[in-house]
Every structure is written in structure tokens, then in C-alpha cells.
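Structure record follows, encoded as C-alpha cells.
There are 2 protein chains.
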Amino acid sequence: MKSNNEKTLIVDATDQAAGNGLMNRRFFLNSALATTATLATGKAAFAQEAVGEGQEDWTLYPGSDALEYGELSRFEAGRVKKLVGGLAGGRTATSAGRTPLHQLMGTITPSGLHFEVTHHGIPDINPDQHQLVMHGMVKQPLKWGIENLENYPTITREYFMECSGNGRLLYYEPLSPKMTLDATHGLVSGSQWTGVKLSTLLDECGLEDGAKWIIAEGADSGSLSRSIPIDKALDDTMIAIYQNGERIRPGQGYPMRLLNPGFEGNTSVKWLRSLYVTDRPVMSRFETSKYTDKMPDGKAMQFSLELDVKSVITRPTNALSLQKHGLYEITGLAWSGRGKIARVEVSADGGKTWADAVLEGPIHSKMMTRFRIPWMWNGDPAVLQSRAIDEAGRVQPSREQLFKGRGRQAYYHYHAIHSWAVETDGTINHVYA
Amino acid sequence: MKSNNEKTLIVDATDQAAGNGLMNRRFFLNSALATTATLATGKAAFAQEAVGEGQEDWTLYPGSDALEYGELSRFEAGRVKKLVGGLAGGRTATSAGRTPLHQLMGTITPSGLHFEVTHHGIPDINPDQHQLVMHGMVKQPLKWGIENLENYPTITREYFMECSGNGRLLYYEPLSPKMTLDATHGLVSGSQWTGVKLSTLLDECGLEDGAKWIIAEGADSGSLSRSIPIDKALDDTMIAIYQNGERIRPGQGYPMRLLNPGFEGNTSVKWLRSLYVTDRPVMSRFETSKYTDKMPDGKAMQFSLELDVKSVITRPTNALSLQKHGLYEITGLAWSGRGKIARVEVSADGGKTWADAVLEGPIHSKMMTRFRIPWMWNGDPAVLQSRAIDEAGRVQPSREQLFKGRGRQAYYHYHAIHSWAVETDGTINHVYA
Chain A
1 MKSNNEKTLI VDATDQAAGN GLMNRRFFLN SALATTATLA TGKAAFAQEA
51 VGEGQEDWTL YPGSDALEYG ELSRFEAGRV KKLVGGLAGG RTATSAGRTP
101 LHQLMGTITP SGLHFEVTHH GIPDINPDQH QLVMHGMVKQ PLKWGIENLE
151 NYPTITREYF MECSGNGRLL YYEPLSPKMT LDATHGLVSG SQWTGVKLST
201 LLDECGLEDG AKWIIAEGAD SGSLSRSIPI DKALDDTMIA IYQNGERIRP
251 GQGYPMRLLN PGFEGNTSVK WLRSLYVTDR PVMSRFETSK YTDKMPDGKA
301 MQFSLELDVK SVITRPTNAL SLQKHGLYEI TGLAWSGRGK IARVEVSADG
351 GKTWADAVLE GPIHSKMMTR FRIPWMWNGD PAVLQSRAID EAGRVQPSRE
401 QLFKGRGRQA YYHYHAIHSW AVETDGTINH VYA
Chain B
434 MKSNNEKTLI VDATDQAAGN GLMNRRFFLN SALATTATLA TGKAAFAQEA
484 VGEGQEDWTL YPGSDALEYG ELSRFEAGRV KKLVGGLAGG RTATSAGRTP
534 LHQLMGTITP SGLHFEVTHH GIPDINPDQH QLVMHGMVKQ PLKWGIENLE
584 NYPTITREYF MECSGNGRLL YYEPLSPKMT LDATHGLVSG SQWTGVKLST
634 LLDECGLEDG AKWIIAEGAD SGSLSRSIPI DKALDDTMIA IYQNGERIRP
684 GQGYPMRLLN PGFEGNTSVK WLRSLYVTDR PVMSRFETSK YTDKMPDGKA
734 MQFSLELDVK SVITRPTNAL SLQKHGLYEI TGLAWSGRGK IARVEVSADG
784 GKTWADAVLE GPIHSKMMTR FRIPWMWNGD PAVLQSRAID EAGRVQPSRE
834 QLFKGRGRQA YYHYHAIHSW AVETDGTINH VYA
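Quick note, the sequences are listed as chains A and B, same order. Taking our numbering, I'd label the letters of the first sequence as residues 1 to 433. Taking our numbering, I'd label the letters of the second sequence as residues 434 to 866.
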């Protein structure tokens, strides 16, 4: 371990949790963080910057009236989704909007910033003309408009949603050190969803013997379809109607979407219009030509539905440059398609030593969990990493470990440990480490 | 109990939880709700309505591209805050925007629909020119801009916010039966907040002996000020920077607001610029001429900071008219400034009999909790009520009980049981019952 090279950085060695400045979590829990450093130096632990001290206009004159739907400050205009792809010359094409995780905090993603990937554009559906049909191997086919679906017993749950293509660029080399975090990790978001359990509708229709899969189809012009195993459908799958308290937005599937917690996002079919119960998967375009991975033996891995345990540090990232030596909070998000996050470890020395981060509770199953740990940066180079472990005991692999099992021709389901390199001048870069 | 008068309403008597159609909660937990009624009649429990079956345009042509910040469907344009008051002829005046609770689900309120009450309008603050100062009875006065405040250890929590004036109209008679729910209950909302604990900043500054109160002041043109007891400040008070994942919106206090969980909303000072530590309350305009209640003995009740246990049914309400006899879900919200909601009871017969509703978990302290119970409406008149009990053992009072202690000259802190009358034709009205 390097010795601290400035007087402001003197801390008790027993407060260190791992190499290169990672601090004990009781630094947080006891609020002792600030005090400790203050006592050592007679100065505050966190740098104070002088800011404007004038009588600004807004302190002198009345402000504006409330809005029917409150907006963000004009000074936050840069916190938006990054868009890629889209419609060109009237042709349908895949388009995506990626969540700026490095600009957000907490675990709920504002609905307007929830990532989206669409293959045929966002339909402008009139809910009064939309219906959901359940048919196939059921005793009684039924259909529902949004208004009568709302009469059913509903549930509210927090779940993450992740595109299996999230992190795709990290299969490749060289790595662009200055990509913002949305490019590498922005196809994951978290929401509070309210809707009707699919099992309630299946109960009402009555399954026939031999029913094994449900083909879910959207009302978009490409009729995106995915096959859902019946066990999942009877477990926690829901028909979501509300997201973060209000009706789902068109980019997220208005007026209703299938929601398969912990499964790759593409299976949570948006603009849901048909659930066809059958004894086999449909082998649709989106589960054959897409959303499959080429394995080392040349075969395709299909129906890799459950998302793996994963985490990433969202602050600091390469969107910041550290201005001073001293104390920082390292924070990020962890999630797993197999249940709750049990533990997140953080390293400041590229994986040589690890310390447990504090997890923000309550921890929800199949939802993002925020982790935090104090870090004393002494000005030396550092490589910051996080490693998540879920309640099923799965450990987020290193990049090497991931490639060992999967080879390097895969496209989806990248979930290896991510590394941020901090340079001596305070700049931060993506690195493979 | 009335007998069911239609074949579709035959249910096993053991499934009934209380009078006038309230059903056992295992109806929900076992998903047996639908099946039971289906078996009895050979028909689905919930009415199915035929909706449009044509090939709508959105199924035929590609939709639109993703947006940088996704918007609501144009078909949801009516789900907005109701505005009252506001600036008139250049004068400052109180303005309010009320949350349409009857149009929302879950417990998170979208930030754009979070209620707001402002007394001097919404300031348009440039965060680079805003600072928070801590001074008075502290060993070391300090100030922070938003960027260095973000370097501190943060926490994320879900809390409700309620104006103590929420429900003010319910002190009066006669009652307008068709007011929408925002008029009687729309000054309460729930959010996931992220920020820095005030105790962290107090630790850093160091309290002097005898410090008992903190005067919090906003940067609005009226310098709204409230006095916060030091015990609260050292407990769970935070400086909130993010709401529901993104920076707080201007109507909610951008770039930073004080947040006193469970206290009347006005104490959670928006656009926070000064924390002055002292040995006594400041007796500001907003804790003397306003936000006090006239008691039966003619004296004013001041510093009634903790909000009482409260609940309201949000569906069905007078915004709906029941179209058919049959099964419905009754759902609503419950909250308490003193901790977690322990229990919510629902009555369909005006308080003669009560049944426990299902509470949606995890239950957060000082956050709204959603409750649900199935209800079989047989077409008879009904009065729907909810009654919340918190973990401190406090029980939401009837209107009579509330008046007995407080008299009828009060203005704030109305929290009595609320009643919805269902008429035989399915229309619903506010009533005092």
C-alpha cells in the first residue's frame, strides 16, 4: 500500500478496507468520514469551493407559476438519452436510446430516460382501439381492453430491465477510453412497474394439457414476437400498465407490455397484443437471427433468457476529472436476473485487493441495487472495479473468465467486471484490466 | 349482508372478509379470484369488452424514432396536475399544483406530477451560482456548491411528502360530491430521494454547546424559512439533490432542498441556501401566520411537525362510474409521519364491518404504502372507507373523532377516514359518513 503523501490524507490505518485508499464502510455508517480527516488537519475533509455570492435575480423577484407537468431545469438539458440508429429514408431500422447512468443517482430511472431498443419504431397506439388476446391451448380464449384489464388484481414491483446487447462493444478491442458510460452500460434501467400477473389471466382462460410456451406478440408494424416458457409465465411475469406511477410511455410499450423480470429485455414484448399458448417455441426472427450467441464450437446459444449477475461503477467515471487529492464516494449499480444482489466488492488496485461496499436497502429481487464505498485518492494511479455476487452465489466474472467459457464470437450477454483507470492528473478512462 | 342477486356473483361465503362484498385476501394471494367466479358461471369473472379489431395504422407502418427524453402518449394528456392560485398582475401569491392520485398507480409519483405549493413562485436557479451556507452555532462555518456536495457520502430513500394543508376542504360543510381526488388529497406524493445526510454536514462543521434548532432558508425571493429541531436534523433529515433518479426539478427545489421525512412538507425547504444553527426557533412568517392551527381554546398550535397516519382509496373514486355488477379491486394509499404502515382496513358498509387489505411490500418508513382488496359489488348502495394504522399504533380517526380533539376551526393536518358512496347506478360521490 502506498503511503499518503499529503497531510490532508492522514487517516487511521485501521480505517482502510483494501489497497489504494478504499475505506472501511463504518466511515459511512458512523458519519465518521468527515470528522476523522477534519481532526487530522483542522480543515474540512471535502473541499469547499467558493461560488457566487451576489444577490442573484431569483432571490429578488418572484419566480414562475407551477406547471401542469413539471419540467427539468434548463440547466440540466444535457442529461438525456444518447440515440443511435433509427428510421432512414422511410425504412424500418433498429433504433436505441441509452440511459445516461453516469448522470443519475438512486435506482429508479426516470421513465423519460429509460433505455429503449425498437426494431420497427415506436407505434402511436390509441388505447381505445387496442386489445390483448389470449388464445391457443386454452380452454376459453379471452380478450381485454386496457380499461377492463385495470379491473383485475394488480401488483407493484421494482425490476431492472436490460437489453442482452448491453456491453456488446466490450467484446471488441481496442477499447475507446472516452466512450461515455451509456455506450458500454446504458441499456439497463430500473422502474417501479404496476400491472396484472400473467398467471391471473392464464387462470381465467384455463391452460390445456401440454401447454409449454406462450408466444408473445407486439402491435408494432414488425409484430415482434418472443417465446416465453410456461414456468416463467406462471411465476412472476406480468402485463405492465404503469411505470413509475403513471401509464407506460409509448417508447416503453404503451398501453401495455409484457414484463419478464430478470429475462433479457427483448422478451418483455412492448405494445403487447397477443399471447398464444402452445407446446413449442415459435422460433421467431428475434430468437433465431437475433438474440442468440455464437459459441466457440460454432453453434448458436438460443433462449439464454436469464440475465447474468453484473455491476458497474457509475461515479466517478470518465465523465469526471478528479480535481484534488482527497476523499471521494465510489458508487454504482449491481443487478442479477436470478434474484437479489448479496454483495458487491470494490477494488482500487485493479483487482489485487477487494473491500465490501455498502448496499443501499431494501434490496429487491431482480432490481438494481446501489452500492457505495468511501475512497481516499492520494494522487497515484488507480484502477477502480466492482464485482457483484447474487443470492444464487453467482460471481461476476473477469473479462478473461467470461471469454474462457463463452469464446469471443458472442455478441450478447456481456457481463464482465468493468475497469476505470484513474491517471495521476485525475483524468479517468475505460480500460481492460 | 345482502344476498347476491345475479348468478355471476355467487361466491363461497367463506371467501367473504367483511360486509357488502369485501373478499378474503387469499383471493389475491392464490390468484383464485378469477377462477372461483368462472367455475360458478362458466364465464370469466371480469367483464370482457370487445374493442376495435381492424388492422390499425400502427400495425402496418413503421413508428417513430426514440426521443432523447421520452414523453407520455398524447392519449394521456389529461393526466396532469390541477393548478390553483399563482402569480397575478406581477404580485407574488401562493400557487399549488396537485397530484392526480386517482389517475396513478404504484407508490412513486412521477416527478413532473409531484405536488407543489409555492409562496413566491419557482425560481430559475443557475446551479453554478448557488451555494448552501452552514453558520451560526457551529465551530467552523462552511459552504458548498452542488458539485462539491456531490462528493459527500450519499443515501437513497423513499419518502412521502405531504402539505399539512392536504384535506383542508374536508373541515368544511357542505361537501362537494364531485371534487376530484386531487382537491381533497392531492397534496401528497412519493419519491425516491438521493442526497447527503444533514448530520454529515453538521459533523463536519461541529455543533457548539446549546445548539437546539436550525433555521433553514430558501433562495426564493421570499426567503421562506422554517425552524427544524436539532434532534430531527441529526436523525434522518437530508439535503436532497436527486428525485426519482434525476436532478430535482425546479418546482421541487432545484438544485437542492431540505428533506425532513414525515414532517409537514413546508419544513422541507426548497432552493435551500442557508442553515443557521441557533438555540431557539426563528418564529418566521411560515410558522406563525401560516402552518399553525387554531385550537378549541383559541390558542394556536405551533410546530405540529410530524404528520399523522392517513389513508385514502384511489380506485374506485368519483372519477369512475361502475358499469357492471361484479368484481373490482379496491386500492389506495396509506402513510404516516411516524414510521411504517402496519395495517390498513377497508369497509364497504360505511364502517360497520372492516377487513384487512393486502399491503404491497416492501413497506418503507415514512413512505406511502399501497393497499388492495377484492370487492364484489352486487349493485346495492355501498360506502367505501379505508382506515390506516401505523407501527406506532396510531389509528386513523373518524371525522367525528378528529373534531373531538381538535375542534372545527383548524385548517391544517386533516387526516380523518374518507368515504366514497357508491350509488345503485354505479356513480360514486364524496360523502361524509
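Even for Gly, the Cβ is constructed at its ideal location relative to N, Cα and C. Every value quoted in this text rests on a predicted model; they were computed, and no experiment measured them.
Three-state class that DSSP yields for B:N699 in the structure shown: helix
Start-end ranges of the beta strand (DSSP E) lying completely within the segment 605-664 of chain B, minimum 3 residues: 621-630, 646-651 and 658-662
C-alpha gap between A:Y414 and A:E162, whole angstroms: 11 Å
Residue interval of the beta strand (DSSP E) (run including A:I146): It is not in any beta strand (DSSP E) - A:I146 instead sits in the alpha helix (DSSP H) that spans I146 to L149.
Coarse secondary structure for A:D390, derived from DSSP in three states: strand
For A:D349, three-class secondary structure by DSSP: strand
Limits of the beta strand (DSSP E) - the one that B:L835 falls within: Counting along the chain, B:L835 falls outside any beta strand (DSSP E), though it belongs to the alpha helix (DSSP H) covering R832 to R839.
Contained alpha helix (DSSP H) runs [length at least 4] in the segment 695-748 of chain B, N- to C-terminal order: none
CB-CB length for B:I822 against B:V828, believed under 8 Å: 5 Å
Residues that DSSP places opposite B:H568 in a beta bridge: B:Y709
Against chain B: residues of the segment 68-79 of chain A by CB proximity under 9 Å: E68, Y69, G70, E71, L72, S73, R74, F75, E76 and R79
9 Å Cβ cutoff met for A:A410 and A:Y69: no
Segment contact, 8 Å Cβ cut-off, at least three pairs: the segment 201-209 of chain A with the segment 125-137 of chain A: yes
Of the residues B:A616, B:R659, B:G651 and B:T670, the one placed nearest B:Y873, counting alpha carbons only: In the structure displayed, chain B extends from 434 to 866; residue 873 of chain B sits before or after that span and is not available.
Selection from A:T278, A:V269 and A:T194 that minimises the alpha carbon distance to A:G210: A:T278
C-alpha distance - B:I648 paired with A:N429, whole-angstrom precision: 43 Å
Buried or exposed (CB count within 10 angstroms, at least 16 for buried), B:P714: buried
Close Cβ partners of B:T857 (< 8 Å) along its chain, the five nearest in sequence each way excluded: G812, D813 and P814
Minimum Cβ-Cβ distance from B:K514 to chain A less than 9 Å: yes
8 Å contact criterion, which B:V855 and B:L755 should meet: CB distance rounded: 7 Å
Spatial distance of A:D438 from A:T180 (CA atoms): Summary: the structure shown does not reach residue 438 of chain A, with chain A confined to residues 1 through 433, and so no result is reported for it.
Beta strand (DSSP E) segment containing A:I122, residue limits: Here A:I122 belongs to no beta strand (DSSP E), and DSSP marks it neither H nor E.
Rounded C-alpha distance that separates A:R408 from A:E345: 26 Å
Three-way DSSP call (helix, strand, coil) for A:L359 in this model: strand
A:E76 in three-state terms, based on DSSP: helix
Straight-line Cα distance separating B:T633 from B:L575: 12 Å
Interface flag, A:D231 vs chain B, CB-CB below 9 Å: no
Pair within 9 Å by beta-carbon distance, B:G496 and A:I330: no
Proximity of A:T369 and A:I341 at Cβ, strictly below 9 Å: yes
Whole-angstrom distance between B:H851 and B:G765, CA atom to CA atom: 11 Å
Spatial neighbours of A:T109 in its chain, beta-carbon cut-off 7 Å, leaving aside the 5 residues before and after: T99, S189, G190 and S191
Check: B:E606 C-beta below 8 Å from any heavy atom of the ligand GTP: Although the ligand GTP was asked about, the structure shown includes no ligands whatsoever.
Nearest neighbour of B:L691, chosen from B:T721, B:M734, B:T627 and B:A451 [CA to CA]: B:T627
Within chain A, the residues that B:M538 reaches when beta carbons sit closer than 9 Å: E150, T154, T156, T194, G195, I241, Y242, G245, E246 and R247
Where A:I108 meets chain B, residues with beta-carbon distance less than 8 Å: I541, Q625, N677 and G678
Distance, A:L175 Cα to B:L792 Cα: 48 Å
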